[in-house]
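**Q** In my numbering, the protein residues as written are 56 to 136.
Glycine included, each C-beta is placed from N, C-alpha and C at the ideal position.
Since this is a predicted model, take the numbers as computed values, not measurements.
Here it is, the structure in full.
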Amino acid sequence: MSSLSQNMNKVVANGGHNQMGKEKISCFQMPLHYPRYTPADYKAMPEWKLDCLLREYGLPVVGDVSSKRNFAMGAFLWSGY
56 MSSLSQNMNK VVANGGHNQM GKEKISCFQM PLHYPRYTPA DYKAMPEWKL DCLLREYGLP
116 VVGDVSSKRN FAMGAFLWSG Y
């Protein structure tokens with residue numbers, strides 16, 4: 056059996072997780088909670104708090120306060136706002 060298929064078998068045996076000593080770096084982080092803000096909360100939220108919220112989830116913090124607000128509402132609100 057080739058080394059590639061041996062490695063693939065190990066990955067499949069581990070539930071799809073590669074545990075061969077290589078660390079993967081990812082920007083996305085899953086916090087312990089999901090933000091429970093209303094659209095009114097996002098519209099009144101200061102820019103620094105929006106920045107902290109987006110960083111906490113590993114999301115991009117770029118643009119003006121209006122674009123950050125719209126991005127946060129699109130990412131965290133379930134229905135159309």
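1. Going by Cα to Cα distance, which pick from Arg110, Gly113, Gly118, Lys123 is closest to Ala99?
2. Please classify Tyr97: is it buried, with 16 or more other beta-carbons within 10 angstroms of its beta-carbon, or exposed?
3. Could you give the residue range of the alpha helix (DSSP H) that holds Pro90?
4. Is it true that the CB of Leu109 sits closer than 7 Å to the CB of Val117?
5. Reducing DSSP to helix, strand and coil, say where Leu134 ends up.
6. Can you list, in chain order, the residues of its chain with a C-beta nearer than 8 Å to that of Phe126? Leave out the 5 residues immediately preceding and following it.
**A** Judging by the given coordinates:
1. Lys123
2. buried
3. Careful: Pro90 lies outside any alpha helix (DSSP H) and carries neither H nor E.
4. no
5. Residue identity check: residue 134 is Ser in the sequence provided, not Leu. Residue state, collapsed to three classes: coil.
6. Leu109, Leu114, Pro115, Gly118
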